[in-house]
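Here this note's numbering is used: the sequence shown runs in plain steps of one and ends on residue 250.
Each residue gets a CB set at the ideal place from its N, CA and C atoms; glycine is no exception.
Since the model is a prediction, treat every value here as computed from it, not as a measurement.
Below is one structure, written out as structure tokens; comments come after it.
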Amino acid sequence: MQIKENKFIPSIFNYCDRWCEHCAFADRCRLYSMEEKRKEETGGKEFSFVEELQETFAETKKLIEEYSEKFDTVLPNFEEIEKKELPETQLSFLSTKYFEDAAVYLNNLMNEIKENSAVSVIIPQNPGIVPLHQIVGCYEVLQWYHTIIPVKVTRAISSAAQYDPGDEEFEYSMEDANGSAFVAFKSVLKSLVALGVILGWTESLKNETLNLIIDAGRIKSLIEKDFPGASMFVWPPVVKKEVK
Ligand code: SF4
7 MQIKENKFIP SIFNYCDRWC EHCAFADRCR LYSMEEKRKE ETGGKEFSFV
57 EELQETFAET KKLIEEYSEK FDTVLPNFEE IEKKELPETQ LSFLSTKYFE
107 DAAVYLNNLM NEIKENSAVS VIIPQNPGIV PLHQIVGCYE VLQWYHTIIP
157 VKVTRAISSA AQYDPGDEEF EYSMEDANGS AFVAFKSVLK SLVALGVILG
207 WTESLKNETL NLIIDAGRIK SLIEKDFPGA SMFVWPPVVK KEVK
């Protein structure tokens, strides 16, 4: 497959949620094209998560360096960034807790879905109840975003802590912090919607669902407080010139 260079939106993959199969901009994303090309070249061979991650990081780093050279911008010192300690905040604590609690919750939710699916074969579902396929959709949303939330929160906190106002790299690292917080924020909102639907669907998971809603709501408020710039972050990046 030949990749046409001019169709890509620069850096679109930096602040997305990486759920490519649901992405409206997949055909404008260089990273997605590279992954598709690689799958084509390897005959659809499955890579482990670590292999995927290593390759994606290497490709992304290469692209950043190419852009930096092309547009003559100064990149932060990545080695220095790795050495700095990540500050422990209420937001980082809660997002890790949410990840752990959601993992247990997802297990219970899947059991509940299976039970309901078995029952609905024998007894038709009440038409007033949310259809099972919608609950499976909510499960998928929660499953996807419960990992994205702590990863992006950690990235946001780490980037914001790297430099002080006045440092040459401060603006770049705050842009990265706000972009990461923006992804975490959107992930929390989507998870809250899914949890709301599940809350109305089953009584047996009511308390666990409410606990997750409360924690997700607190994470949302903390992102708003700690990263006010996230609400102004624009994604996908604006393309000034129409690509034909
Ligand atoms: S921009 Fe879309 S297609 Fe590209 S990596 Fe992100 S989710 Fe996937």
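Contact between valine 194 and lysine 226 holds, since their C-beta atoms are separated by about 5 Å, short of 8 Å. Out of Ala109, Val147, Pro156 and Glu177, the CA that lies nearest to the CA of serine 101 is found in Pro156. In terms of CA proximity to aspartate 107, Leu148 leads the group Leu148, Asn117, Glu94 and Glu121.
For the 8 Å CB-CB criterion, alanine 187 and isoleucine 229 form a contact. Its Cα nearest to that of phenylalanine 14, the residue Cys35 stands out among Cys35, Val244 and Glu41. Annotation: arginine 44 to glutamate 27 spans about 16 Å, alpha carbon to alpha carbon. Closer than 7 Å to some heavy atom of the ligand SF4: that does not describe the Cβ of isoleucine 204. At least one heavy atom of the ligand SF4 is found less than 7 Å from the C-beta of tryptophan 25. When rounded, the separation of the alpha-carbon atoms in asparagine 184 and glycine 235 is 6 Å.
For isoleucine 204, the enclosing alpha helix (DSSP H) stretches over residues 176 to 205. Of all C-beta pairs linking the region 205 to 223 to the region 107 to 121, three or more are shorter than 8 Å, placing the two stretches in contact. Taking each of Phe233, Val244 and Val240 in turn and checking the Cα distance to threonine 95, the smallest one comes out for Phe233.
At least 8 Å separates the beta-carbon of lysine 212 from that of alanine 190.
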